[in-house]
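Notes for the one structure printed next.
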Amino acid sequence: MLKPESFAYNINRIRNVVRHTSYKPNALILGTSVAYQGILTPNLNKLAAKYGTSLRYQNAASQGALIETQHALLRDLAPSLTDVKWIIHVAEVNFPYQTRYELEPANRSMLAQFPRATTIDLLKEQQFVLSPRDYGFFYLRTLTYQGDLRDFVLNPPRRLKDLARAKKKMVPDTVYLNRNKYSIEVYGKTAAECTDHSLHGVGFFDTATGEQVTDNPHRTAVLDTCRMALDDPKQKLGADTWRSLFFERLKSMHAEARRNNMQIVTVFAPYSEMVLPARQNDRLTMWQDELSKGDYFPYIIDLRNSLDGPKNLSYFYDTIHLNESGAEKFTEIFEEAIRQFLAKQDQAFLQQQSTEAIR
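Heads up: the sequence shown at position 186 corresponds to 861 in this note's numbering, and the numbers run straight through without jumps.
Laid out in structure tokens, this is it:
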């Protein structure tokens, strides 16, 4: 009954794919939509094998997942992933300023898919203020599906077609493969230009080649993200409170990894050149200072600028998310960065994997 690609549908698909994957991963990716769309897991594993590391990756990143949902995924999946020694946490530098005491609706829908008692305990541990409606979602899970159920009742044939299309797109061992061809560059070179052009419209087809270069969903994504590109959450009221709360929650997730004999390395993914606040040096310094405290794994790989250059905008679907060519390029950069990090930080683990590859 779940609508394909709804938050509830996606989180259950992630749990199913990762838990039953044939990859037998020893490295697990956690994160939000940037990692969900921007890392191509089959490509990543082929590259890992090509360079003889025998690292085996699986991607549990989820669209829209805040730190509480990422933690719930880690807790849920860890017992099935006994070979995993490293969590690659693809984070966003401004995440600390987006944390709140109230549950965000999409994350509430995702969290309602996990075992009720442990999820409520986790949220209390993370200092959430749960409303009666929140408890209703956890105790009456059908509330999570009410939109999906309504759509199914109103138009069953359409839902069946959606399910058939979703099944056709499925790739074994893979939650999502980015096939988005469009890029933000057709809307301009600055946040102001792309906001103006997406508001007033851009032709769907290139007048010279006849090739389609955008559509309505793309235009909406560009407009939404361009409007936010210059927004700096650090400058908003309560920023220090939210930052402290976020790192308390992150500390809890790091402790979860430690209990499962896993380590965490934090990776900052690339942004388009339109997103200026996320590129400021003080954001990285903040993370370095916080993770240097004793309760965290202090490792950071900063890839925010890894796609900078003349082709930057051609790699992005909107200001934040990569398109297919961007995902292909970033997957290569990501694999090399993790390989180089482990060669320095955990050479014994990397050598062990290389030995297994030779056998």
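A virtual CB, placed ideally from N, CA and C, is assigned to each residue, including glycine.
A quick note: this is a predicted structure, and the numbers were derived from the prediction, not measured.
How about residue i and residue j: do their beta carbons lie closer than 8 Å?
| i | j | result |
| --- | --- | --- |
| residue 652 | residue 768 | Outside the shown range of the chain, which is 676 to 1034, sits residue 652, and nothing can be said about it. |
| residue 713 | residue 997 | yes |
| residue 856 | residue 988 | no |
| residue 682 | residue 784 | yes |
| residue 940 | residue 971 | no |
| residue 891 | residue 1002 | no |
| residue 741 | residue 779 | yes |
| residue 701 | residue 751 | no |
| residue 1024 | residue 760 | yes |
| residue 932 | residue 938 | yes |
| residue 922 | residue 965 | yes |
| residue 691 | residue 737 | no |
| residue 1006 | residue 900 | no |
| residue 879 | residue 889 | yes |
| residue 861 | residue 850 | no |
| residue 859 | residue 947 | yes |
| residue 894 | residue 919 | no |
| residue 697 | residue 906 | no |
With residue i as the anchor, note down where its beta strand (DSSP E) starts and where it stops.
| i | result |
| --- | --- |
| residue 706 | 702 to 706 |
| residue 975 | 975 to 977 |
Does DSSP put residue i in a helix, a strand or coil?
| i | result |
| --- | --- |
| residue 690 | helix |
| residue 766 | strand |
| residue 955 | coil |
| residue 696 | coil |
| residue 757 | coil |
| residue 972 | coil |
| residue 825 | Below a pLDDT of 50, predicted positions are generally treated as unreliable, and residue 825, at 49, falls in that range; the measurement from the model is reported next regardless. DSSP places residue 825 in helix when its eight states are reduced to three. |
| residue 794 | helix |
| residue 741 | coil |
| residue 997 | strand |
| residue 854 | coil |
| residue 781 | helix |
| residue 864 | coil |
| residue 685 | helix |
| residue 945 | coil |
| residue 714 | coil |
| residue 1020 | helix |
| residue 721 | helix |
| residue 726 | coil |
| residue 873 | helix |
| residue 1033 | With a pLDDT of 39 at residue 1033, under the threshold of 50, the modelled position of this residue cannot be trusted; read the value that follows with caution. If DSSP states are grouped into helix, strand and coil, residue 1033 belongs with the helices. |
| residue 897 | helix |
| residue 906 | coil |
| residue 950 | coil |
| residue 709 | helix |
| residue 911 | coil |
| residue 963 | helix |
| residue 835 | Annotation note: pLDDT 49 at residue 835 (below 50); position unreliable, no value reported. |
| residue 802 | coil |
| residue 749 | helix |
| residue 1025 | helix |
Strictly by DSSP, which residues pair up with residue i?
| i | result |
| --- | --- |
| residue 732 | 702 |
| residue 939 | 762 |
| residue 880 | 887 |
Assuming residue i contacts residue j (C-beta within less than 8 Å), just tell me the rounded distance between them.
| i | j | result |
| --- | --- | --- |
| residue 743 | residue 801 | 6 Å |
| residue 748 | residue 705 | 7 Å |
| residue 1000 | residue 990 | 6 Å |
| residue 689 | residue 735 | 6 Å |
| residue 943 | residue 983 | Incorrect: roughly 13 Å between the Cβ atoms, too far for contact. |
| residue 813 | residue 794 | 7 Å |
| residue 797 | residue 756 | About 18 Å separates the two Cβ atoms, so there is no contact after all. |
| residue 716 | residue 732 | 6 Å |
| residue 954 | residue 934 | That belief does not hold up - the Cβ atoms of residue 954 and residue 934 are roughly 35 Å apart, past 8 Å. |
| residue 908 | residue 1015 | Contact flag wrong, Cβ pair sits at about 31 Å. |
| residue 781 | residue 739 | 5 Å |
| residue 695 | residue 927 | Their Cβ separation, rounded to whole angstroms, is 27 Å, which puts residue 695 and residue 927 out of contact at 8 Å. |
| residue 950 | residue 896 | Not a contact, Cβ separation roughly 14 Å. |
| residue 962 | residue 775 | That belief does not hold up - the Cβ atoms of residue 962 and residue 775 are roughly 19 Å apart, past 8 Å. |
Hey, could you find the ends of the alpha helix (DSSP H) residue i is sitting in?
| i | result |
| --- | --- |
| residue 990 | No alpha helix (DSSP H) holds residue 990; DSSP gives it neither H nor E. |
| residue 922 | 914 to 934 |
| residue 787 | Run containing residue 787: none; DSSP gives neither H nor E here. |
| residue 775 | First-last for residue 775: undefined, no H or E at that position. |
| residue 983 | Premise fails: residue 983 is in no alpha helix (DSSP H) and is neither H nor E. |
Hey, is residue i's beta-carbon within less than 8 Å of any beta-carbon in chain B?
| i | result |
| --- | --- |
| residue 935 | The structure shown contains no chain B; it is built from a single protein chain. |
Compute every distance between the C-beta of residue i and the non-hydrogen atoms of the ligand GDP, then say whether any falls below 7 Å.
| i | result |
| --- | --- |
| residue 767 | Within the structure as shown, the ligand GDP is missing, as the structure has no ligands at all. |
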